[in-house]
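Have a look at the structure below before the remarks.
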Amino acid sequence: MSSAAEKSTVPVTILTGFLGAGKTTLLNHILESPDHGKRFAIIENEFGEVGVDDKVIKETSVELIEVINGCVCCTVRGDLVKVLKRLEEKFPSFDAVIIETTGLADPAPVAQTFFVDEDVARSYHLDGIITVVDAKHILQHLNEEKPEGVENESVEQIAFADRILLNKCDLVDKETLDEVMKAITGINSHAEIVHTTYSKLEPSKLLNIGAFDLNRVVEMDPGFLNTDGEHQHDSTVSSVSVRFEGELNYMQLKMWIRQLMRTKADDLFRYKGVLAVKGSAMKYVFQGVHMLFSGDLEPSFKWKDDEVRECRFVFIGRNLDKEALKLGIMECKVEPLRFQVCDCVQANIGQHWMDGQVIKTWDEGYPYLIDLDIEPGTSACTSWGWAPMDTDVFVRARKRARPSSSAAHDITSSETTA
369 MSSAAEKSTV
379 PVTILTGFLG
389 AGKTTLLNHI
399 LESPDHGKRF
409 AIIENEFGEV
419 GVDDKVIKET
429 SVELIEVING
439 CVCCTVRGDL
449 VKVLKRLEEK
459 FPSFDAVIIE
469 TTGLADPAPV
479 AQTFFVDEDV
489 ARSYHLDGII
499 TVVDAKHILQ
509 HLNEEKPEGV
519 ENESVEQIAF
529 ADRILLNKCD
539 LVDKETLDEV
549 MKAITGINSH
559 AEIVHTTYSK
569 LEPSKLLNIG
579 AFDLNRVVEM
589 DPGFLNTDGE
599 HQHDSTVSSV
609 SVRFEGELNY
619 MQLKMWIRQL
629 MRTKADDLFR
639 YKGVLAVKGS
649 AMKYVFQGVH
659 MLFSGDLEPS
669 FKWKDDEVRE
679 CRFVFIGRNL
689 DKEALKLGIM
699 ECKVEPLRFQ
709 VCDCVQANIG
719 QHWMDGQVIK
729 TWDEGYPYLI
739 DLDIEPGTSA
749 CTSWGWAPMD
759 TDVFVRARKR
769 ARPSSSAAHD
779 ITSSETTA
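In our numbering, the protein residues as written are 369 to 786.
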């Protein structure tokens with residue numbers, strides 16, 4: 369496309385990269401930046417049936433967000449064309465389009481859309497493909513053996529990149545970083561590689577860079593413009609999505625996820641969610657990649673007064689036990705509590721049980737805040753404690769002391785006299 373034609377069409381940037389590399393984090397950095405002065409239309413592609421990332425996109429410079437559920441490079445590819453054509457009705461309310469693909473998408477068919485569909489080509493031009501690479505986990509995905517005929521998406525994402533963000537560099541040593549660099553340049557020696565932490569990079573290095581070179585791509589992949597070509601994904605990789613109205617005990621959720629990581633980390637490529645936590649106006653945003661997990665109540669993401677408090681989860685990995693995952697999540701759902709404020713209980717404080725009284729429910733996400741009966745002269749760091757779950761493992765009804773024989777005799781005598 370000539371430079372004159374590009375000036376009359378809307379630039380499109382494709383953000384790609386394997387699961388958990390840091391694409392949404394990068395997107396939020398771009399949207400929060402005051403430097404570019406642009407308004408964006410965002411097309412968010414989610415592999416699972418339930419979208420999560422659209423709930424954590426910061427709308428500072430966003431004109432609108434479109435969500436496509438499914439694999440944009442194959443099963444819902446036609447939906448991308450429909451969304452792009454629908455966006456034409458919004459011209460000129462935005463200056464550019466950013467497409468964030470799912471981590472399992474091959475970027476080639478997405479890029480192909482801007483050359484083989486005449487209507488799309490008249491309105492848009494592909495400015496560049498930006499691939500985010502997870503320095504800590506990329507080698508295991510690049511070296512993964514796939515069944516015959518099944519493509520390795522992480523290889524394709526690097527091969528078609530115009531610019532590569534080698535992210536999470538702070539999580540690996542120099543020897544590993546050198547090995548990753550060698551693997552990347554062995555796949556794609558043309559793309560500029562930028563080392564980043566937390567996907568932080570000036571937007572000017574990603575937008576309006578005019579980096580996509582059709583001639584280079586066709587030379588690398590002669591069948592790039594062939595719309596009849598098909599590609600096959602690994603059938604052992606799937607997603608589990610859960611969405612429901614209600615609230616969770618997030619401490620119980622964290623305990624469950626820790627157990628999940630100990631037993632299934634290698635097969636969990638990506639897991640993420642946005643949750644309504646009982647007792648908090650903030651959204652609990654969590655995400656993980658294999659053994660790496662982060663999650664917290666986010667002050668920048670609060671539930672609106674008219675917003676339905678709901679929970680969304682997506683797990684993506686190999687040979688997932690879908691029913692077990694769904695059951696584990698639902699067991700963290702908030703149910704009516706057994707005890708109320710002022711109830712006398714016993715709390716498990718690690719080594720033994722201690723008497724106490726419930727002074728607050730759903731405090732900081734914990735079911736109970738308990739005032740402990742500390743005996744005078746006892747050395748203790750605090751006189752209160754939280755119960756993370758409403759089970760007998762952590763909190764139980766206070767047991768009545770059994771009366772002594774003399775006391776029992778006095779009670780019997782008084783009843784007889786009465």
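Idealized CB from N, CA, C, for every residue including glycine.
Fill in: One or two residues paired with M722 in a DSSP bridge
Here residue 722 refers to the residue found at position 354 of the sequence shown. DSSP output for M722 lists A715 as bridge partner(s).
Worksheet item: What residues match up with E547 in a beta bridge as DSSP calls it?
Response: Within the sequence shown, numbered from 1, the residue matching residue 547 stands at position 179. Assignment of beta-bridge partners to E547 by DSSP yields no partner.
Discussion item. Let's see if you can read the secondary structure: which residues bound the beta strand (DSSP E) around R764?
Written reply: By one-based count along the sequence shown, residue 764 stands at place 396. V763 to A765 is the extent of the beta strand (DSSP E) around R764.
Fill in: chain C within 7 Å of E486, Cβ atoms only
Here chain C cannot be found, since the structure has a single protein chain.
Worksheet entry | Reference M659, options L643, R630 and S648, closest by Cα | Here residue 659 corresponds to residue number 291 of the sequence shown, with the count starting at 1. Selected option, being the one with the closest Cα: R630.
Discussion item. On a Cα-Cα basis, can you pick out the residue from G641, L399, K458 and V726 that is closest to R611?
Written reply: Sequence index remark: in the sequence shown, residue 611 carries index 243 (1-based). When the alpha-carbon of R611 is set against those of G641, L399, K458 and V726, the nearest one is in G641.
Worksheet item: Would the segment 611-625 and the segment 667-675 be scored as touching if the rule is three or more Cβ pairs under 8 Å?
Response: Flag = no, the segment 611-625 and the segment 667-675 do not touch.
Worksheet item: Roughly how many whole angstroms lie between the Cα atoms of D474 and M757?
Response: For this step, residue 474 is matched to residue 106 along the sequence shown. For this step, residue 757 is matched to residue 389 along the sequence shown. Approximately 43 Å between the Cα atoms of the pair.
Discussion item. Quick check on the burial criterion: 16 or more other C-beta atoms within 10 angstroms. Buried or exposed for T564?
Written reply: Indexing the sequence shown from 1 puts residue 564 at position 196. Per the 10 Å Cβ criterion, buried.
Worksheet item: Considering only C-alpha positions, which residue in the set E516, G578 and V645 is nearest to S603?
Response: Working through the sequence shown from its first residue, we reach residue 603 at position 235. Checked all of E516, G578 and V645; the closest Cα to S603 is E516.
Fill in: Reduced DSSP category for W624 - H, G, I as helix; E, B as strand; rest coil
Looking up residue 624 in the sequence shown gives position 256. Annotated three-state conformation of W624 is helix, per DSSP.
Worksheet entry | Residue range of the beta strand (DSSP E) that includes H493 | Position 125 of the sequence shown, counting from 1, holds the residue named residue 493. For H493, the enclosing beta strand (DSSP E) stretches over residues Y492 to D502.
Discussion item. Quick check on DSSP: helix, strand or coil for F681?
Written reply: For the purposes of this step, residue 681 is taken as residue 313 along the sequence shown, with counting starting at 1. Judged by DSSP in its simplified three-state form, F681 adopts strand.
Item to complete: Please name the residue in V682, P704, S522 and A551 whose C-alpha comes closest to that of K694.
Response: Here residue 694 refers to the residue found at position 326 when the sequence shown is read from its first residue. Considering only V682, P704, S522 and A551, the residue with the shortest C-alpha distance to K694 is V682.
Item to complete: Using DSSP bridges, identify the partner residues of A464.
Response: Within the sequence shown, numbered from 1, the residue matching residue 464 stands at position 96. For A464, which the question treats as bridged, DSSP gives the partners F408.
Worksheet item: Around the C-beta of D674, are 16 or more other C-beta atoms found within 10 angstroms, so that it is buried, or is it exposed?
Response: Against the sequence shown, residue 674 aligns to sequence position 306. Taking every protein chain shown into account, the CB of D674 has fewer than 16 other CB atoms within 10 angstroms, so this residue is exposed.
Worksheet item: Span of the alpha helix (DSSP H) holding N583?
Response: By 1-based counting over the sequence shown, the position of residue 583 is 215. Element bounds for N583: L582 to M588.
Worksheet item: How is N687 classed by DSSP in three states: helix, strand or coil?
Response: For the purposes of this step, residue 687 is taken as residue 319 along the sequence shown, with counting starting at 1. N687 falls in the coil class under three-state DSSP.
Discussion item. If I measure Cβ to Cβ from I555 and keep anything under 7 Å in the same chain, skipping five residues before and after, which residues do I get?
Written reply: As a first step, residue 555 must be located in the sequence shown, where it is residue number 187. Residues V523, I526 and A527 of the same chain have their beta carbon placed closer than 7 Å to that of I555, with the five preceding and five following residues left out of the count.
Item to complete: Give every residue of the same chain whose Cβ lies closer than 7 Å to the Cβ of V424, excluding the five residues on either side of it in the sequence, and list them in chain order.
Response: The count along the sequence shown starts at 1 and reaches residue 424 at position 56. The predicted model places V424 with a pLDDT of 48, which falls under 50 and marks its position as unreliable, so this point remains unresolved.
Worksheet item: Is the segment 701-715 in contact with the segment 572-589, if contact means three or more CB pairs nearer than 8 Å?
Response: In this structure the segment 701-715 does not lie against the segment 572-589, because fewer than three pairs of beta carbons, one per stretch, are closer than 8 Å.
Practice prompt. For I717, verify whether its CB is less than 6 Å away from any heavy atom of the ligand MG.
Written response: The ligand MG is not part of the structure shown, which contains no ligands of any sort.
Discussion item. Would V657 and R686 be called neighbours here (beta carbons separated by less than 7 Å)?
Written reply: Stepping through the sequence shown from its first residue, residue 657 is reached at position 289. Stepping through the sequence shown from its first residue, residue 686 is reached at position 318. Against a cut-off of 7 Å, the Cβ pair of R686 and V657 comes out as no contact.
Worksheet item: By how many angstroms is the C-alpha of P735 removed from the C-alpha of A776?
Response: The sequence position of residue 776 within the sequence shown is 408, counting from 1. The sequence position of residue 735 within the sequence shown is 367, counting from 1. Note that A776 scores 38 on pLDDT, short of 50, meaning its location in the model is unreliable and no value can be drawn from it.
Practice prompt. State the CB to CB distance for the pair L574 and T381, rounded to an integer number of angstroms; the pair is presumed to be in contact (CB under 8 Å).
Written response: On the sequence shown, residue 574 is found 206 positions in, with the first residue counted as 1. On the sequence shown, residue 381 is found 13 positions in, with the first residue counted as 1. About 7 Å separates the beta carbon of L574 from that of T381, a gap short enough to meet the 8 Å contact definition.
Practice prompt. Look at the alpha carbon of S648 and the alpha carbon of D530, and state the distance between them as a whole number of angstroms.
Written response: Counting from 1 along the sequence shown, the entry for residue 648 is found at position 280. Counting from 1 along the sequence shown, the entry for residue 530 is found at position 162. Between the C-alpha atoms of S648 and D530 there is a straight-line separation of about 42 Å.
Practice prompt. Quick one: using the 10 Å Cβ neighbour count with 16 as the cut-off for buried, is S609 buried or exposed?
Written response: As a working mapping, residue 609 is identified with position 241 in the sequence shown. It counts as buried.
Item to complete: With DSSP as the reference, label A692 as helix, strand or coil.
Response: Against the sequence shown, residue 692 aligns to sequence position 324. Reduced to three states, the DSSP call for A692 is helix.
Item to complete: Check whether the Cβ atoms of L494 and F408 sit closer than 7 Å, and answer yes or no.
Response: For this step, residue 494 is matched to residue 126 along the sequence shown. For this step, residue 408 is matched to residue 40 along the sequence shown. Not closer than 7 Å, so no.
Item to complete: From the DSSP output, in three-state form, read off A476 for me.
Response: Taking the first residue of the sequence shown as position 1, residue 476 is located at position 108. A476: helix per DSSP, three-state reduction.
Worksheet item: From which residue to which residue does the alpha helix (DSSP H) around Q655 run?
Response: The residue labelled residue 655 in the question sits at position 287 within the sequence shown. Judged by DSSP secondary structure, Q655 falls outside any alpha helix (DSSP H) and instead within the beta strand (DSSP E) spanning M650 to V657.
Item to complete: Rounded to whole angstroms, what's the CA-CA distance from G796 to G496? Just pull it up for me.
Response: The requested residue 796 does not occur in the structure, where the chain is confined to residues 369 to 786.
Fill in: Straight-line gap, Q620 to K646 (C-alpha atoms, nearest Å)
Here the question's residue 620 lines up with position 252 in the sequence shown. Here the question's residue 646 lines up with position 278 in the sequence shown. It is roughly 12 Å from the alpha-carbon of Q620 to the alpha-carbon of K646.
Discussion item. Using 7 Å as the threshold, is the C-beta distance between S567 and H404 below it?
Written reply: Along the sequence shown, read from residue 1 onward, the residue named residue 567 stands at position 199. Along the sequence shown, read from residue 1 onward, the residue named residue 404 stands at position 36. No, these two residues do not count as a Cβ contact at 7 Å.
Practice prompt. For the segment 523-573, list the beta strand (DSSP E) runs that are entirely contained and at least 3 residues long, ordered along the chain.
Written response: The qualifying runs are 531-535 and 560-563.
Worksheet item: Of the residues P571, Q719 and P477, which one's Cα is nearest the Cα of E400?
Response: Numbered from 1 along the sequence shown, position 32 holds the residue referred to as residue 400. With distances taken between CA atoms, E400 lies nearest to P571 out of P571, Q719 and P477.
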